[in-house]
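Peer 1: One structure is given below, represented as structure tokens, and several questions about it will come after.
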């Protein structure tokens, strides 16, 4: 469990730096943009690896029994999350309507995993993602950060729904092989 927690601290520590514009500007000024991005990427990757290994090695400790409906809702919620993630950087009606599709997708993904699983390691893995997604949205709103407007096209909406659906299907199908956790379907 220690490895999982350390990984979360490293990953989310790196990801909270951009929320503080003065800190980010100071680090870029001191290290240079490429070095800053390199340190950010290394901390993020190391944090993800530590979280994954820590999660895989953690003991199963049930904290609560998830409601039965949560496992039934999971496939639909995960599909929505993947479509939101796919629309994050594409000029779609989805992106225009949903202010922060990537963070909303991360929030749906993490919240659904928390609802559908009641183990301690799941709590330590997914709760930080949910908290970070909310903090990121609040931070972006406070900074007045908006995704680009401009022209949107339905063809891009169709494309991101297709890409999100394909990714969702692949992750759902290979979930047990990739993460050693069955979806139950």
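In my numbering, the protein residues as written are 155 to 339.
Yeah, the Cβ is synthetic: ideal placement off N, Cα and C, and Gly gets one too.
1. Suppose contacts are defined by Cβ-Cβ distances below 8 Å. Is residue 319 in contact with residue 233 by that definition?
2. In the DSSP assignment, find the unbroken alpha helix (DSSP H) run with residue 292 in it and report its ends.
3. Under 8 Å between the Cβ atoms of residue 155 and residue 201?
4. Less than 8 Å between the C-beta atoms of residue 314 and residue 273, yes or no?
5. So residue 252 and residue 283 are supposed to be a Cβ contact under 8 Å. How far apart are they, rounded?
6. Quick check on this structure: which residue in 287, 162, 193 and 240 has the alpha carbon closest to the alpha carbon of residue 311?
7. Along the chain, which unbroken stretches of the beta strand (DSSP E) at least 3 residues long are found entirely within the region 166-201?
8. Whole-angstrom Cβ separation of residue 266 and residue 228, contact assumed at under 8 Å?
9. Can you tell me whether residue 216 is helix, strand or coil according to DSSP?
10. With DSSP as the reference, label residue 221 as helix, strand or coil.
11. Going by other Cβ atoms of all chains shown within 10 Å of its Cβ, with 16 needed for buried, is residue 243 buried or exposed?
12. Checking 8 Å against the spacing of the C-beta atoms, do residue 171 and residue 181 come in under that value?
13. Could you tell me the alpha carbon to alpha carbon distance between residue 331 and residue 177, rounded to whole angstroms?
14. To the nearest angstrom, report how far apart residue 193 and residue 203 are at their CA atoms.
15. Can you tell me the Cα-Cα spacing of residue 174 and residue 289, whole angstroms?
16. Among residues of its own chain, excluding the 5 on either side of residue 306, which ones have a beta-carbon nearer than 8 Å to its beta-carbon?
Peer 2: To lay it out plainly:
1. Taking the chain shown and counting its residues from 1, the one referred to as residue 319 is at position 165. Taking the chain shown and counting its residues from 1, the one referred to as residue 233 is at position 79. A contact, by the Cβ cut-off of 8 Å.
2. Your numbering for residue 292 matches position 138 in the chain shown. It spans 274-296 - the alpha helix (DSSP H) in which residue 292 sits, taken as one unbroken run.
3. The residue you call residue 155 lines up with position 1 of the chain shown. The residue you call residue 201 lines up with position 47 of the chain shown. No, these two residues do not count as a Cβ contact at 8 Å.
4. By one-based count along the chain shown, residue 314 stands at place 160. By one-based count along the chain shown, residue 273 stands at place 119. No, the pair does not count as a contact, with Cβ atoms beyond the cut-off.
5. Within the chain shown, residue 252 is the residue found at index 98, counting from 1. Within the chain shown, residue 283 is the residue found at index 129, counting from 1. Contact doesn't hold; Cβ gap of about 18 Å is too wide.
6. In the chain shown, residue 311 corresponds to position 157, counting from 1. The shortest Cα separation from residue 311 among 287, 162, 193 and 240 belongs to 240.
7. none
8. Here the question's residue 266 lines up with position 112 in the chain shown. Here the question's residue 228 lines up with position 74 in the chain shown. That belief holds up - the Cβ atoms of residue 266 and residue 228 are roughly 5 Å apart, short of 8 Å.
9. As a working note, residue 216 is residue 62 in the chain shown. DSSP places residue 216 in strand when its eight states are reduced to three.
10. What you label residue 221 is simply residue 67 of the chain shown in a count that begins at 1. Coil, per DSSP.
11. Counting from one through the chain shown, the residue named residue 243 turns up at place 89. Classification of residue 243: exposed, given that the 10 Å Cβ count is below 16.
12. Taking the first residue of the chain shown as position 1, residue 171 is located at position 17. Taking the first residue of the chain shown as position 1, residue 181 is located at position 27. Yes, the Cβ-Cβ distance between residue 171 and residue 181 is below 8 Å.
13. Start at 1 with the first residue of the chain shown, and residue 331 comes out as number 177. Start at 1 with the first residue of the chain shown, and residue 177 comes out as number 23. If you take the alpha carbons of residue 331 and residue 177, they lie about 40 Å apart.
14. Within the chain shown, residue 193 is the residue found at index 39, counting from 1. Within the chain shown, residue 203 is the residue found at index 49, counting from 1. One C-alpha to the other measures close to 15 Å.
15. On the chain shown, position 20 is the one that residue 174 refers to. On the chain shown, position 135 is the one that residue 289 refers to. For residue 174 and residue 289, the distance between alpha carbons rounds to 12 Å.
16. The sequence position of residue 306 within the chain shown is 152, counting from 1. Around residue 306: 245, 246, 247, 249 and 250.
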